[in-house]
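S.K.: FYI, our numbering numbers position 538 of the sequence shown as 1420, with every residue one higher than the one before it. Before I ask anything, here is the structure I am working with.
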Amino acid sequence: MISKSEVRPGDGWRYYFHGVMVGDGHRPAGTPLRDAQDEAGVPPGIWRGQGLAAVGLTAGDVVTERQAELLLGEGRHPDADRIERERLEAGDDPAKARRATVLGRPIEHNRSAKTEKAKERTPWLGMDLTFRPPPTAHIAWALMDDQRRLVLESCQDTAVGKTLKWLGESVAQIRWKAGGKQRAPVKDGLIVAVFRHYESRAAESKPLLHDHAVVSIRARRPDGSGAWGNVSADSLLAHIVAADTLYLLYFMEEVSARLGWAWEPREVTPGRRPVMEIAGIDQRLIGWQSTRRQQIKEALFVLTAEYVEEHGHEPGERAAYGLACRAADRTRPPKRTEPQSLSELRTRWRKSAIAAFGADLVDQLAQRARAAAAAVWARVRPVVDVVLAAVDTVAVVYVMHGAFKRHHLLAEARRYLFYVLRGRPHEPGLDERIVQTVVDDFTRPVGRGLAMTADLHALYPRDTDDQAVLRPLTRNRMLPLYARARRAAGALSARVHAVRRSERLGSRTRSHTVAVPGASRSGSRLSRTDRKAGRAQEQQETEVAALEQTRSTIEAVALMAVSLQDGVQERDVAHRLRPRPAPAPPAPSHTPPPGVQQAPGRTPSGGFA
883 MISKSEVRPG DGWRYYFHGV MVGDGHRPAG TPLRDAQDEA GVPPGIWRGQ GLAAVGLTAG
943 DVVTERQAEL LLGEGRHPDA DRIERERLEA GDDPAKARRA TVLGRPIEHN RSAKTEKAKE
1003 RTPWLGMDLT FRPPPTAHIA WALMDDQRRL VLESCQDTAV GKTLKWLGES VAQIRWKAGG
1063 KQRAPVKDGL IVAVFRHYES RAAESKPLLH DHAVVSIRAR RPDGSGAWGN VSADSLLAHI
1123 VAADTLYLLY FMEEVSARLG WAWEPREVTP GRRPVMEIAG IDQRLIGWQS TRRQQIKEAL
1183 FVLTAEYVEE HGHEPGERAA YGLACRAADR TRPPKRTEPQ SLSELRTRWR KSAIAAFGAD
1243 LVDQLAQRAR AAAAAVWARV RPVVDVVLAA VDTVAVVYVM HGAFKRHHLL AEARRYLFYV
1303 LRGRPHEPGL DERIVQTVVD DFTRPVGRGL AMTADLHALY PRDTDDQAVL RPLTRNRMLP
1363 LYARARRAAG ALSARVHAVR RSERLGSRTR SHTVAVPGAS RSGSRLSRTD RKAGRAQEQQ
1423 ETEVAALEQT RSTIEAVALM AVSLQDGVQE RDVAHRLRPR PAPAPPAPSH TPPPGVQQAP
1483 GRTPSGGFA
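See the structure below:
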């Protein structure tokens, strides 16, 4: 999953500089960054992103202490010292020379008396996105051999890199002028510093492979002027969940392709979304690995009970995320002070797991994962029906949010893909295709802006009430919200199957038929009035076709009756012309029961043959 936090100048930046960049350990005062990373047993940070060329950096370069301080702590060029020195040698005054190194608006502008009213809050300089694989991936990475450990780290690198690329190309927008009125995609891409960590912050450290990707808020404008501005933070925040599902989808595919493992959903909390785990990994190891998770779960139970008592209902998706963040803050332990290398940590983790569950369980993790994968591949078909995926997506998002936007649909479509494919690769752009099918066929605009909601008349055209079918499924307050969403999705999917079954049996087309693949509406979206007129015309045409079919059936039955009558008359005439046979002897008064045969040689009348 992906968690986020902002990076601000001052105390916020110093926390990252003295903690996150050295593996959440303790960095003594005066210790150089690279020495502190070696002592903590973590690798140095590296630069990633498509926008590195704009500041003279290359992907994979090591993040130096001065570069991080300038770009991520002050919003200046990472090579500002050289630029400022050259400007001073050219005759510029110190203020002008320093201004030439600032990317965009200086952070001192927010402290100016002229902007005190407009800029009262501290500006952002970056956003920390923390990428964490599922718990079973941590277990396999910590307890298996070095070869598989390196493969899992490579899978993490690939998944993080693809997700950051999607954020830079499809999500990130740069804004300028008052209030950010003008927005456009960034010109070069994002600039990111990635720091890898190996363990959790629990009192007894446990394996937790994760990356801190600190995204710089500075980016170049796309107008060709070469000027710098700020990336819109709200656009990144709105797509965090969609990025989270994309990262997990890529990580699952990389692991399945390189190691041959499959994935299966695991229900952590009844009625809530399941999480994807590597099939075959013993569930007891998850409890051993996630001691801090158990602490957060206990604190979250108390916070959820308080929320229900105050509001009278279960928390929604956004409220549940906020409660989870509060539970994590409440249970956050102090940082460890004794550094350990990765090899020392892996040796300690392995001894702890063997002491708790035995050597056989730990040594056979890879074999059990391969066997479980074979069972999963045998029973799960790698087939994605776009219409069924669209119906499932719109039902879940509608019940969870009511009114929603495109990024909500995108996140749910990606969840559908890793629930169905279980780690098999998906066709590029399939998630966008599912979302476009939802937008074209099963949604209608609501309110202002880009918000939309489910078009229930498109899903149930014969309903007189707008929610007559889904209300019994979604209004049950005794069930969690996601459980209600799954019921609605199941009902809609069953309706699609029923319509397709009737079409295969040759039934006439009905007005409530759900679109099948290839039948999605294309082109510009019709207005609400045009859509109603179209549905009325379609229903009228269907009724006319039904009447024509009924008339044809009646005529066919009448012709069949006349033919039968003629045949009866012909048989009667022929019967009168033939001689009548002699009357048969009367039947015996006693008939043997079924299965009992008469005596041989005797006739039914009792005589001998």
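Each residue gets a CB set at the ideal place from its N, CA and C atoms; glycine is no exception.
Inspect the beta-carbon positions of D1010 and V889 and report whether they are closer than 8 angstroms.
M.R.: As a first step, residue 1010 must be located in the sequence shown, where it is residue number 128. As a first step, residue 889 must be located in the sequence shown, where it is residue number 7. Yes, these two residues count as a Cβ contact at 8 angstroms.
S.K.: According to DSSP, is E1149 part of a helix, a strand, or is it coil?
M.R.: Position 267 of the sequence shown, counted from the first residue, corresponds to residue 1149. Here E1149 sits in coil by DSSP.
S.K.: Do you know how far the Cα of A1181 is from the Cα of D1105?
M.R.: The residue labelled residue 1105 in the question sits at position 223 within the sequence shown. The residue labelled residue 1181 in the question sits at position 299 within the sequence shown. Distance between the alpha carbons of D1105 and A1181 is about 49 angstroms.
S.K.: Report yes if the CB atom of A1024 is closer than 8 angstroms to the CB atom of R1228, and no otherwise.
M.R.: Against the sequence shown, residue 1024 aligns to sequence position 142. Against the sequence shown, residue 1228 aligns to sequence position 346. Contact: yes.
S.K.: Taking D1126 as the reference, give the member of G1043, G1240 and G957 with the closest Cα.
M.R.: For the purposes of this step, residue 1126 is taken as the residue at position 244 of the sequence shown. Cα-wise, what sits closest to D1126 is G1043.
S.K.: Count Cβ pairs between the segment 1323 to 1339 and the segment 1305 to 1313 that sit closer than 8 angstroms; are there 3 or more?
M.R.: Not touching, per the Cβ criterion.
S.K.: With three or more C-beta pairs closer than 8 angstroms as the rule, is the segment 1317 to 1329 touching the segment 1271 to 1287?
M.R.: In short, these stretches touch, since the Cβ pair count reaches three.
S.K.: Within the same chain, show all residues whose beta-carbon is closer than 8 angstroms to that of A1054, passing over the 5 residues directly before and after it, in chain order.
M.R.: Along the sequence shown, one-based indexing puts residue 1054 at 172. Once the five neighbours on either side are set aside, the close Cβ partners of A1054 are P1067, V1068, G1071, L1072, A1101, V1113, S1114, S1117 and L1118.
S.K.: Mind checking whether A865 and A1285 have CB atoms under 8 angstroms apart?
M.R.: The question about residue 865 has no answer here: the residues shown for the chain are numbered 883 through 1491.
S.K.: For a minimum of 4 consecutive residues, which ranges assigned as the alpha helix (DSSP H) are wholly contained in the segment 1285 to 1329?
M.R.: Correct list: 1288 to 1303 and 1312 to 1323.
S.K.: Could you check whether A962 and L952 sit closer than 8 angstroms to each other, using their CB atoms as the reference points?
M.R.: Looking up residue 952 in the sequence shown gives position 70. Looking up residue 962 in the sequence shown gives position 80. Contact flag set, yes.
S.K.: Sort out for me which residues DSSP pairs K886 with in a bridge.
M.R.: On the sequence shown, residue 886 is found 4 positions in, with the first residue counted as 1. DSSP, once it has assigned bridges, lists L1011 as partnering K886.
S.K.: Below 8 angstroms on the Cβ atoms is my contact criterion, and I expect V1378 with L1270 to pass it. Report the Cβ-Cβ distance as a whole number of Å.
M.R.: By one-based count along the sequence shown, residue 1378 stands at place 496. By one-based count along the sequence shown, residue 1270 stands at place 388. With a Cβ gap of about 6 angstroms, V1378 and L1270 count as contacting.
S.K.: Measuring CB to CB, does R930 end up less than 8 angstroms from V1074?
M.R.: Reading the sequence shown from its first residue, position 48 is the one you call residue 930. Reading the sequence shown from its first residue, position 192 is the one you call residue 1074. Cβ atoms of R930 and V1074: closer than 8 angstroms.
S.K.: Would you kindly work out how many angstroms separate the C-alpha atoms of M1360 and F1183, rounded to a whole number?
M.R.: Counting from 1 along the sequence shown, the entry for residue 1360 is found at position 478. Counting from 1 along the sequence shown, the entry for residue 1183 is found at position 301. Roughly 18 angstroms separates the two Cα atoms.
S.K.: Could you work out which residue in S1225, R1154 and S885 is closest to I1122 when comparing CA atoms only?
M.R.: Reading the sequence shown from its first residue, position 240 is the one you call residue 1122. Here the closest residue by C-alpha is S885.
S.K.: Might you give, ordered along the chain, the residues of its own chain that have their beta carbon closer than 6 angstroms to the beta carbon of E947, omitting 5 neighbours on each side?
M.R.: Sequence index remark: in the sequence shown, residue 947 carries index 65 (1-based). Here the set comprises L915.
S.K.: Taking C-beta to C-beta, are M1158 and L1128 nearer than 8 angstroms?
M.R.: Taking the sequence shown and counting its residues from 1, one reaches residue 1158 at position 276. Taking the sequence shown and counting its residues from 1, one reaches residue 1128 at position 246. Cβ distance not < 8 angstroms, so M1158 and L1128 don't count as in contact.
S.K.: CB G1153 to CB A1365, shorter than 8 angstroms?
M.R.: Counting from 1 along the sequence shown, the entry for residue 1153 is found at position 271. Counting from 1 along the sequence shown, the entry for residue 1365 is found at position 483. Yes.
S.K.: Taking Cβ to Cβ, would you say H1094 is nearer than 8 angstroms to V902?
M.R.: Numbered from its first residue, the sequence shown carries residue 1094 at position 212. Numbered from its first residue, the sequence shown carries residue 902 at position 20. Going by C-beta atoms, H1094 is nearer than 8 angstroms to V902.
S.K.: Taking all protein chains shown into account, decide if E1136 is buried (16 or more other Cβ within 10 angstroms of its Cβ) or exposed.
M.R.: For the purposes of this step, residue 1136 is taken as the residue at position 254 of the sequence shown. By the neighbour-count rule (16 or more Cβ atoms within 10 Å), E1136 is buried.
S.K.: Leaving out five residues on either side along the sequence, give the residues of the same chain with a beta carbon under 6 angstroms from the beta carbon of L835.
M.R.: An answer regarding residue 835 cannot be provided, because it is not within the stretch 883 to 1491 covered by the chain.
S.K.: Can I1099 and G1008 be called in contact, C-beta distance under 8 angstroms?
M.R.: As a working mapping, residue 1099 is identified with position 217 in the sequence shown. As a working mapping, residue 1008 is identified with position 126 in the sequence shown. Their beta carbons are under 8 angstroms apart, which means I1099 touches G1008 by this criterion.
S.K.: One question on the structure: do G1142 and R1230 come within less than 8 angstroms of each other, judged by their Cβ atoms?
M.R.: For this step, residue 1142 is matched to residue 260 along the sequence shown. For this step, residue 1230 is matched to residue 348 along the sequence shown. Taking 8 angstroms as the Cβ cut-off, G1142 and R1230 do not qualify as a contacting pair.
S.K.: If the criterion is Cβ atoms closer than 8 angstroms, does the pair V945 and P976 meet it?
M.R.: Sequence index remark: in the sequence shown, residue 945 carries index 63 (1-based). Sequence index remark: in the sequence shown, residue 976 carries index 94 (1-based). No.
S.K.: Quick check: what's the CA-CA separation for G912 versus V1244?
M.R.: Position 30 of the sequence shown, counted from the first residue, corresponds to residue 912. Position 362 of the sequence shown, counted from the first residue, corresponds to residue 1244. So the alpha carbons of these two residues sit roughly 42 angstroms apart.
S.K.: Name the residue from V1076, P1017 and A1120 whose alpha carbon lies nearest to the alpha carbon of L1090.
M.R.: Counted from its first residue, the sequence shown places residue 1090 at position 208. Among V1076, P1017 and A1120, the Cα nearest to that of L1090 belongs to P1017.
S.K.: Whole angstroms is fine: what's the gap from Y897's alpha carbon to A1293's?
M.R.: Taking the first residue of the sequence shown as 1, we reach residue 897 at position 15. Taking the first residue of the sequence shown as 1, we reach residue 1293 at position 411. Those two C-alpha atoms are separated by around 31 angstroms.
S.K.: What do you get for S1087, buried or exposed, if any count of 16 or more other CB atoms within 10 angstroms of its CB means buried?
M.R.: Within the sequence shown, numbered from 1, the residue matching residue 1087 stands at position 205. Result: buried.
S.K.: Look at the alpha carbon of A1260 and the alpha carbon of I1168, and state the distance between them as a whole number of angstroms.
M.R.: Locating residue 1260 in the sequence shown gives position 378, where the first residue counts as 1. Locating residue 1168 in the sequence shown gives position 286, where the first residue counts as 1. Near 26 angstroms, if we compare the C-alpha coordinates of I1168 and A1260.
S.K.: For R981, I'd like the list of residues in its chain whose CB is within less than 8 angstroms of its CB, leaving aside the five on either flank, ordered along the chain.
M.R.: The residue given as residue 981 occupies position 99 in the sequence shown. For R981, where only same-chain residues beyond five positions count, the Cβ hits under 8 angstroms are P988.
S.K.: In the DSSP assignment, find the alpha helix (DSSP H) that holds R967 and state where it starts and stops.
M.R.: Here residue 967 refers to the residue found at position 85 of the sequence shown. R967 -> alpha helix (DSSP H) spans A962 to E971.
S.K.: Under 8 angstroms by Cβ, that's how I've got W1145 and L985 pegged, so tell me the actual separation to the nearest angstrom.
M.R.: Position 263 of the sequence shown, counted from the start, is the residue given in the question as residue 1145. Position 103 of the sequence shown, counted from the start, is the residue given in the question as residue 985. Not a contact, Cβ separation roughly 41 angstroms.
S.K.: Let me know if P891 comes out buried or exposed under the rule of 16 or more other beta-carbons within 10 Å of its beta-carbon.
M.R.: As a first step, residue 891 must be located in the sequence shown, where it is residue number 9. Under this definition P891 is a buried residue.
S.K.: Taking DSSP's pairing of strands, which residues face S1239 in a bridge?
M.R.: Against the sequence shown, residue 1239 aligns to sequence position 357. In the sequence as displayed, the identity of residue 1239 is Phe instead of Ser. F1239 is not bridged to any residue.
S.K.: Would I1506 and A1272 be called neighbours here (beta carbons separated by less than 8 angstroms)?
M.R.: What the structure shows of the chain is the stretch from 883 to 1491, and residue 1506 is not part of that stretch, so it cannot be assessed.
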